[in-house]
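Peer 1: There's a structure below that I have some questions on.
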Amino acid sequence: MSDDKTSPELQQLDARIAKARKGSDQGNGPEMSGFGAAMRYATELVSGLIVGVAIGYFLDKWLDTGPWFLVVFFFLGAGAGIMNVYRTASGIGMAPGYKDPAPTIKSSVVTDADNKTDDKKRG
Numbered sequence: 013m014s015d016d017k018t019s020p021e022l023q024q025l026d027a028r029i030a031k032a033r034k035g036s037d038q039g040n041g042p043e044m045s046g047f048g049a050a051m052r053y054a055t056e057l058v059s060g061l062i063v064g065v066a067i068g069y070f071l072d073k074w075l076d077t078g079p080w081f082l083v084v085f086f087f088l089g090a091g092a093g094i095m096n097v098y099r100t101a102s103g104i105g106m107a108p109g110y111k112d113p114a115p116t117i118k119s120s121v122v123t124d125a126d127n128k129t130d131d132k133k134r135g
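Residue numbering for the sequence shown follows the numbering used here, starting at 13 and increasing by one per position.
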């Protein structure tokens, strides 16, 4: 393959990349209607409750512990559902490639000022 940057293959590739970028810049579709948002939030909340109650129910049946696990996992499921509703409503973690910022590494270079403060602490 030649190093010529104006080859037809590269021009076609550039055109395809530009077309793909143009399509992705238009967003993820129309905004959710009020009813659609309410249904999504309700589904998030109810699904958390159902999973929590199911886990608690089956643990109670398996371990014969009465309603203890059911009550505990009901509240855990409710908390998970509320957290999911909050994340959905605020859009946290919805962006593609979302990650928490990486922790920064402090410099390992020791300066004279650092040595002087360490000496004051020691003696």
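For glycine and all other residues, C-beta sits at the position ideal for the given N, C-alpha and C.
Note that the coordinates shown come from a computational prediction; the quantities given were computed from them, not determined experimentally.
Taking the C-alpha atoms as reference points, what is the distance between residue 49 and residue 55?
Peer 2: 10 Å
Peer 1: Quick one: does the C-beta of residue 23 sit closer than 7 Å to a heavy atom of the ligand PLP?
Peer 2: In the structure on display, the ligand PLP does not appear, and there are no ligands present to speak of.
Peer 1: Using 10 angstroms around the beta-carbon of residue 103, count the other beta-carbons present and answer buried if the total reaches 16, otherwise exposed.
Peer 2: exposed
Peer 1: Hey, would you say residue 59 sits closer than 8 Å to residue 91, going by beta carbons?
Peer 2: no
Peer 1: In the structure shown, what three-state DSSP assignment does residue 45 receive?
Peer 2: coil
Peer 1: Run the CB neighbour count on residue 82, radius 10 Å, all protein chains shown included, and call it buried at 16 or more, exposed below.
Peer 2: buried
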